[in-house]
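Below is one structure, written out as structure tokens; the observations come after it.
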Amino acid sequence: MISFFQNLYQTILKNDPAIHSKWEVVLYPFFKVYICYKIGHFFYRHHFYFLARFFSEFGKRRTGIEIHPGATIGKNFFIDHGVGVVIGETAVIMDNVTLYHGVTLGGTGKEKRKRHPTIENGVMIGAGATILGNIRIGENAKIGASSIVLKDVPKNKTIVGIYK
Amino acid sequence: MISFFQNLYQTILKNDPAIHSKWEVVLYPFFKVYICYKIGHFFYRHHFYFLARFFSEFGKRRTGIEIHPGATIGKNFFIDHGVGVVIGETAVIMDNVTLYHGVTLGGTGKEKRKRHPTIENGVMIGAGATILGNIRIGENAKIGASSIVLKDVPKNKTIVGIYK
Amino acid sequence: MISFFQNLYQTILKNDPAIHSKWEVVLYPFFKVYICYKIGHFFYRHHFYFLARFFSEFGKRRTGIEIHPGATIGKNFFIDHGVGVVIGETAVIMDNVTLYHGVTLGGTGKEKRKRHPTIENGVMIGAGATILGNIRIGENAKIGASSIVLKDVPKNKTIVGIYK
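Chains as they are written, first to last, in the working numbering: chain G, 114 to 277; chain Z, 114 to 277; chain R, 114 to 277.
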């Protein structure tokens, strides 16, 4: 439990160049929403869907970040600023991923079951980027601000603009 | 009154594939903001502009969805996720329209009176799309995520990217 | 103190065509967030970084507008709607600037010290535009909705789409 907070604290401290004092971390929207996500995700895995969504919504109201409690998230995940982020139910996020505000990991409406993206290790997704469908963003890829991605991205690639 | 809630409930249930239990509906941001909009719209029509905006802002603070109380909205309207949606005062939305988060139905700053779009029956507008000016989006048109639309769209057309 | 509120009030009244009654101004998100910014900015200049961020976050939670307390802002600044706006720590905004919702004045992650844009007098930035890096947007330039700007913009120019 303590190590959970320690990791979260370290992740935020490492990621933001605008931080000046250590206690600021508890004011970070990502700090709040990630705790809410963890609680919601616990209930989701035990099929208490109402409670799961309750905590997800609770976090979203306070931060503008919507992480579906069913999403799978790895280590050292970080969202900077965050207003407008939407992460879908079947999205999978591996380790060391960073998102900025306004990022959508959503569905196209055409797929069933796994209908949201898989984001591999070390990926960085810029502000306002939209990633739709059951696609994979390869290791260490960078997705530029406001890009639209509708197909698999190879690892280490940098995407700017529309990629479909 | 009861039928109002029933319709709203049915609309949400029908539109979201991520829903697991029926009571989740009351947690939906659209559920909250639509009730606020209806109250605000009532006051707007009776020229109580302060109260109208009060309810509009009340709903927006809780959901991130800004629907001007003067907007005209038809049946079975639905907004998924919703953070960042802005719907202008003179926008007209017909029946069975679905919006995603981040959609703007705004003005260009050049028109007076009717300065926001008209969205016809059955239109779907993807996440982050921006639709500006007194234009018409024709029946059953689909506007792709992050598109920018500055002129009339014919019915059944699908728009991706900049359309001006 | 009184003149501060008077100026803020006048700026909002002048900028929004959808306003119907004068008291509506106090319901405006920009009214709230700008007061929070001023308090936070005061603490920031006196190196109380925790309190500075506390007020910045307080304002952001209520409005969806994130203005870093370190940002420098001139006279007659106005943000319309505002959900999703992010203004970085070293951003400089001169007089008579107007932003719409979803605008990012952010960093690229490559610069140190001054890493956010400078916005000169009279600039208008449309909804969802992203401006990244230590660049200058020249006097009276207009940045269209959803544009992406990564290099200096000359004065009086209008930008649409990607500018890099």
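For every residue, glycine included, the Cβ atom is placed at its ideal position computed from N, Cα and C.
Treat the numbers as computed from the prediction; the structure is a model and nothing was measured.
Compute the Euclidean distance between the alpha carbons of residue i and residue j, then round it to the nearest angstrom.
i, j, result
"Lys255 (chain Z)", "Val236 (chain Z)", "6 Å"
"Lys225 (chain G)", "Gly187 (chain Z)", "29 Å"
"Val273 (chain Z)", "Asp129 (chain Z)", "23 Å"
"Asn120 (chain G)", "Thr211 (chain G)", "15 Å"
"Trp136 (chain Z)", "His160 (chain R)", "48 Å"
"Lys151 (chain G)", "Val266 (chain Z)", "43 Å"
"Asn269 (chain Z)", "Tyr213 (chain Z)", "19 Å"
"Lys127 (chain G)", "Thr243 (chain Z)", "35 Å"
"Phe118 (chain R)", "Leu140 (chain R)", "14 Å"
"Lys264 (chain Z)", "Tyr162 (chain G)", "43 Å"
"Gly183 (chain R)", "Pro182 (chain G)", "34 Å"
"Arg356 (chain R)", "Ser134 (chain Z)", "Only positions 114 to 277 of chain R appear in the structure, and residue 356 (chain R) is not among them; the question remains open."
"Val199 (chain G)", "Met114 (chain G)", "27 Å"
"Ala131 (chain Z)", "Arg158 (chain G)", "14 Å"
"Ser116 (chain Z)", "Ser116 (chain G)", "50 Å"
Within a Cβ cutoff of 6 Å, which residues of the same chain sit near residue i, ignoring the five residues on either side of it in sequence?
i, result
"Tyr276 (chain R)", "Val262"
"Thr203 (chain G)", "Lys227, Arg228, His229"
"Gly251 (chain R)", "Glu233, Val266, Pro267, Lys268"
"Val205 (chain G)", "Thr185, Thr231"
"Gly215 (chain R)", "Gly197, Ala240, Gly241"
"Thr271 (chain Z)", "Lys255"
"Glu170 (chain R)", "none"
Looking at C-alpha atoms only, which residue of the options is the closest neighbour of residue i?
i, options, result
"Gly241 (chain Z)", "R:Gly219, R:Gly251, R:Glu252, R:Gly197", "R:Gly197"
"Phe191 (chain Z)", "Z:Tyr157, Z:Asp265, Z:Gly239, Z:Leu245", "Z:Gly239"
"Ser259 (chain G)", "R:Gly219, R:Lys173, R:Ile132, R:Gly172", "R:Gly219"
"Met207 (chain Z)", "Z:His214, Z:Asn189, Z:Tyr213, Z:Ala131", "Z:Asn189"
"Asn209 (chain Z)", "Z:Asn253, Z:Ala131, Z:Tyr162, Z:Asn269", "Z:Asn253"
"Phe168 (chain G)", "G:Ala184, G:Arg158, G:Cys149", "G:Cys149"
"Thr217 (chain G)", "G:Val205, G:Thr231, G:Gly201", "G:Gly201"
"Thr221 (chain Z)", "R:Gly215, R:Gly257, R:Val199, R:Thr221", "R:Gly257"
Considering just the uninterrupted stretch of the beta strand (DSSP E) at residue i, what are its terminal residues?
i, result
"Ile244 (chain Z)", "243-245"
"Gly219 (chain G)", "217-219"
So, at 8 Å on beta carbons, what are the nonlocal neighbours of residue i in its own chain, with the 5 sequence-adjacent residues on each side left out?
i, result
"Lys223 (chain R)", "Gly246"
"Leu164 (chain R)", "Gly153, Phe156"
"Phe143 (chain G)", "Ile125, Thr176, Ile178, Phe191, Ile192, Asp193, Gly195"
"Val146 (chain G)", "Gly172, Lys173, Arg175, Thr176, Ile178, Ile180, Ile192, Gly195"
"Ile248 (chain G)", "Pro230, Thr231, Val262, Leu263, Lys264, Asp265, Val266"
Could you tell me the boundaries of the alpha helix (DSSP H) in which residue i lies?
i, result
"Thr124 (chain G)", "115-128"
"Leu164 (chain Z)", "162-176"
"Gly153 (chain Z)", "142-158"
Can you pull the chain A neighbours of residue i, defined as C-beta to C-beta under 9 Å?
i, result
"Leu245 (chain Z)", "No chain A is part of this structure, whose protein chains are labelled G, Z and R."
Tell me which same chain residues have a C-beta within less than 7 Å of the C-beta of residue i, skipping the five on either side of it?
i, result
"Tyr122 (chain G)", "Val138"
Below 7 Å between beta carbons is the criterion; list the residues of the region 169-180 of chain Z that meet it against any residue of chain R, in chain order. Glu170, Arg174, Gly177, Glu179
Residues of the region 193-222 of chain Z in Cβ contact with chain G at a cutoff of 8 Å, in chain order, please. His194, Val196, Gly197, Tyr213, His214, Gly215
Short of 7 Å Cβ to Cβ, which residues in the region 148-167 of chain R face chain G? Tyr162, Phe163, Arg166, Phe167
Compile a chain-ordered list of the residues in the region 231-243 of chain R whose CB is closer than 8 Å to at least one CB of chain G. Gly241, Thr243
Check each residue of the region 129-142 of chain R: if its Cβ is closer than 7 Å to any Cβ of chain Z, include it; give the result in chain order. Ala131, His133, Ser134, Trp136, Glu137, Leu140
Interface residues of the region 247-258 of chain Z facing chain G [CB-CB below 7 Å]: Ala258
When you check each C-beta in the region 261-275 of chain G against every C-beta of chain Z, which residues fall closer than 7 Å? Ile261, Ile275
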